[in-house]
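Q:
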Amino acid sequence: MTTSLWLRIAALVTLLQCAGHTMGMPWTPETGSQGTAVIEAMKSLRFDALGSERTYWDFYLGFGLVISVYLAGQGVVLWLMAGLAKRDCARLRPIIAVFFVSYALSAVVLWRFFFSVPFFMAIAESLSLALAFALARSGEPEKA
């Protein structure tokens with residue numbers, strides 16, 4: 047297996063995570079009366095945020111959408127890096143390392159604060175990136 051293949055796998059897992067995250071919108075599992083009361087409270091409390099009037103719901107929904115955008119961008123960048131790895135994978139090692147650390151730390155946060163599916167996605171991304179990093183030692187072009 048090659049660096050470019052592991053980067054493509056990481057890209058696809060990231061894009062799947064993006065799709066799953068986006069389809070889960072608005073990310074509120076509680077539909078009973080207590081959950082509805084919390085959501086309504088989040089929507090009703092307005093405050094000033096650096097000159098813009100917002101609610102906690104605005105922040106909640108906005109952060110969720112931003113995560114989807116970031117995941118989509120990361121998936122595309124990883125896919126593009128896979129193409130570059132075919133020519134000179136060694137120069138990509140620092141970038142792969144940054145992505146690896148980001149996904150590994152995300153896995154810790156996901157384990158602590160969320161649930162198993164995104165945690166296992168982050169683990170899959172981390173492992174793919176670790177293997178891509180390990181295979182990207184030489185500056186030789188990959189054989190097709």
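Under the working numbering, read the sequence shown as residues 47 to 190, first letter to last.
From the three backbone atoms N, C-alpha and C, an ideal C-beta is built for every residue, glycine too.
Please read these numbers as outputs of a predicted model, since none were measured by experiment.
Note down the Cα distance separating Ser162 from Trp52, rounded to an integer number of angstroms.
A: Looking at the two C-alpha atoms, the distance is approximately 23 Å.
Q: Compare the beta carbon distance of Val59 and Ser152 with 8 Å and say whether it is the shorter of the two.
A: No; because the gap between Cβ atoms is not below 8 Å, this pair is not in contact.
Q: Under the DSSP definition of a beta bridge, which residues are partnered with Glu99?
A: Answer is Asp94, bridged to Glu99.
Q: Could you say which of Thr49, Ser98, Gln63, Ser114 lies nearest to Ile169 if we only look at CA atoms?
A: Measuring from the Cα of Ile169, the nearest candidate turns out to be Gln63.
Q: Could you have a look at Gly66 and say whether DSSP puts it in helix, strand or coil?
A: It is helical.
Q: What are the boundary residues of the alpha helix (DSSP H) that includes Trp157?
A: Note, Trp157: alpha helix (DSSP H), 139-159.
Q: Assuming Leu124 and His67 make a contact with CB atoms under 8 Å, what is their CB distance in whole Å?
A: About 16 Å separates the two Cβ atoms, so there is no contact after all.
Q: Which of the three DSSP states is assigned to Pro164 in this structure?
A: Correct three-state label for Pro164: helix.
Q: Looking at C-alpha atoms only, which residue of Leu96, Cys135, Pro72 is the closest neighbour of Ala180?
A: Nearest of Leu96, Cys135, Pro72 to Ala180, Cα basis: Cys135.
Q: Are Pro164 and Leu177 closer than 8 Å when you measure CB to CB?
A: It is not a contact, given that the beta carbons lie outside the stated cut-off.
Q: For Thr77, count neighbouring C-beta atoms within 10 Å of its own C-beta (all shown protein chains included) and say buried if the count is 16 or more, exposed if not.
A: Classification of Thr77: exposed, given that the 10 Å Cβ count is below 16.
Q: For the putative contact between Leu61 and Gly119, defined by C-beta atoms under 8 Å, what is the C-beta separation to the nearest angstrom?
A: Going by Cβ atoms, the distance from Leu61 to Gly119 rounds to 10 Å, so no, they are not a contact pair.
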